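Structure record follows, encoded as structure tokens.
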Amino acid sequence: MEYNIDILVAGCNTNCRHCYVNGGPNKRMTTEDFEICIDLLLPVFLHFGERVSFTLDNEPYNHPDFPRIIDYVRQYCWNSYFHHGSTTGIAFNHRVDKDAIWEKQKAYGIDFASVTLHGGEKNHNFITRNTKAFSEAIDYIRFVKAHHGKLCISLMLSKLLIQDCDEISEILHKIQPDEVYLAIPNSAPSKRMQAYQKYRPTYEECLQLSGYLSAWGLDEAALMKQFEAGSSKNLLATLKTQKAFKIAQPEQCYLTIHPDLNLYIGNSGVETEFIGNLHAATSGIIIDAMENAPANYNFFPVCFAEVPKFEDVIEFAHSDDNLVYPDMDSFITYYAMHKSSTRIHKKRTPQK
Ligand code: SF4
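Encoded structure:
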């Protein structure tokens, strides 16, 4: 099993509608608690070696002590740290020490950034629920380019992005990113993702991206195949060939540490089991819990107390508007959330 631990050190400046990790403004972890957390995790990192990594989320640049935090990580557990570089740029833009942070990160080998776009200015601000999100993203992109950093633009597929594809072409032409990626949003079992479903495009709408994807530097043929494979008509056909749900679960386990040092099994936003608070836990307790934790890369097999009936999912797939999902797990997860009778997560709150 491989493990990723998501350490939530500070909340976001946005409250994005597509956010499958349920991010938003949140308390921040104190610097002292962050150091307690890392000290406790050091034996865990040693025990699991290359099989464990951790990230700093949701928006670590919101933490006033970010330079001290990254220094601490660099000094004690650099090999276990995974820097995804994903940011809205808002927190970074407003830091007085942003130049020093960039130089520090660069000295640590981090000279890249990843920014997600949802469409033109209006739709980007709508999805992020922040009226300045687009202009802030552009300011941050300018900073990264001016400092010769590598820039990845992640385009989040939605009806709104498709509506704005000409604007996206203009933006990409202006900013000249080093890499462009297109993400098909999943269906995490959360109310937020349930509400985001109305922006999920149909397969037919995705076909309107023909010509744009290659112009944006993407592998258009591969993406078109992916849209087709993930369309509910195709998923229905796959289900019909099966007699039961078959969701391969990769040997990966996600865990989350909240700002109050509560440690959970499960990705942020879909925590399924409380392990303990790190003020009271030992490294041994964490190792034991991780050794016994289930693989949870896919949500459907681990997040629902009540498994939907196979025939009901088939019937539901018939009525779906041929929307595009990243995979079968997302499709069934959406269905399971849609049915109020199955909207029962396993334990999410601390045991008394
Ligand atoms: S998508 Fe990222 S920035 Fe937006 S709310 Fe979620 S964690 Fe925060």
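Mapping to our numbering: the sequence shown position 155 is 157, numbers consecutive. Beta carbons: idealized from backbone N, C-alpha and C, even for Gly. Source: prediction; values computed, not measured.
C-beta contact flag for residue i and residue j at 9 angstroms
i: ASN132; j: PHE301; result: no
i: TYR63; j: ILE112; result: no
i: LEU119; j: ARG202; result: no
i: ASN6; j: PHE56; result: yes
i: GLU288; j: LEU10; result: The amino acid at residue 288 is misidentified as Glu; the sequence shows Ile. In this structure, LEU10 does not lie closer than 9 angstroms to ILE288 by Cβ.
i: ASP67; j: THR33; result: yes
i: CYS255; j: PHE229; result: no
i: PHE136; j: GLY151; result: no
i: LEU257; j: ALA295; result: yes
i: TYR74; j: ILE40; result: yes
i: ALA319; j: TYR299; result: no
i: SER16; j: ILE92; result: For clarity, residue 16 is Thr in the given sequence; the question names Ser instead. Cβ distance < 9 angstroms, so THR16 and ILE92 count as in contact.
i: PHE114; j: ILE71; result: no
i: ALA291; j: GLU253; result: no
i: ILE129; j: ARG19; result: yes
i: GLY268; j: VAL315; result: no
i: ALA109; j: HIS65; result: no
Unbroken beta strand (DSSP E) run spanning residue i, endpoints
i: VAL54; result: 54-60
i: ASN236; result: First-last for ASN236: 234-242, but that is the alpha helix (DSSP H), not the beta strand (DSSP E).
i: ASN6; result: 4-12
i: GLN254; result: 254-259
Those residues which DSSP pairs with residue i across a bridge
i: ILE155; result: VAL117, VAL182
i: GLN77; result: Answer by DSSP bridge pairing: none, since GLN77 is not bridged.
i: SER88; result: SER116
i: TYR337; result: DSSP lists no partner for TYR337.
i: TYR83; result: PHE56
Element boundaries [alpha helix (DSSP H), containing residue i]
i: TYR214; result: 214-217
i: MET31; result: Taken as a continuous stretch (DSSP letters only), MET31 belongs to no alpha helix (DSSP H), as it is neither H nor E.
i: LYS200; result: Run containing LYS200: none; DSSP gives neither H nor E here.
i: LYS108; result: 100-109
i: ASP166; result: That residue, ASP166, is in no alpha helix (DSSP H); it is neither H nor E in DSSP.
Interface flag, residue i vs chain B, CB-CB below 9 angstroms
i: LEU48; result: Absence of chain B from the displayed structure is noted, only one protein chain being present.
Cβ-heavy atom distance, residue i to the ligand HEM, below 8 angstroms
i: THR57; result: Among the ligands modelled here, namely the ligand SF4, the ligand HEM does not occur.
Three Cβ pairs or more, each shorter than 8 angstroms: is that satisfied between the region 12-29 and the region 188-197? Yes: the two stretches touch, three or more of their Cβ pairs being nearer than 8 angstroms.
Going residue by residue through the region 117-145, where are the continuous alpha helix (DSSP H) segments of at least 4 residues, counting only ones entirely within it? Listed in chain order, they are 123-130.
Segments of 4+ residues assigned as alpha helix (DSSP H) that fall wholly inside the region 265-327: Unbroken alpha helix (DSSP H) runs of no fewer than 4 residues, entirely contained in the region 265-327, are found at 285-293, 302-305, 312-321, following chain order.
Kindly confirm or deny that the region 315-333 and the region 175-190 touch, where touching means at least three C-beta pairs closer than 8 angstroms. The region 315-333, when compared against the region 175-190, does touch it at the 8 angstroms Cβ threshold.
Would the region 207-225 count as touching the region 154-168 if we require 3 or more Cβ pairs under 8 angstroms? The region 207-225 makes contact with the region 154-168: 3 or more CB pairs, one atom from each, lie closer than 8 angstroms.
Does the pairing of the region 47-55 with the region 72-83 give three or more beta-carbon distances under 8 angstroms? A contact between stretches requires three or more CB pairs, one per stretch, nearer than 8 angstroms, and the region 47-55 meets this requirement with the region 72-83.
Below 8 angstroms, how does it come out for the region 276-287 and the region 300-315: are there three or more Cβ pairs, yes or no? Segments in contact, no.
Answer yes if the region 313-325 comes into contact with the region 204-211, meaning at least three C-beta pairs across the two stretches below 8 angstroms, and no otherwise. Verdict: yes, contact present.
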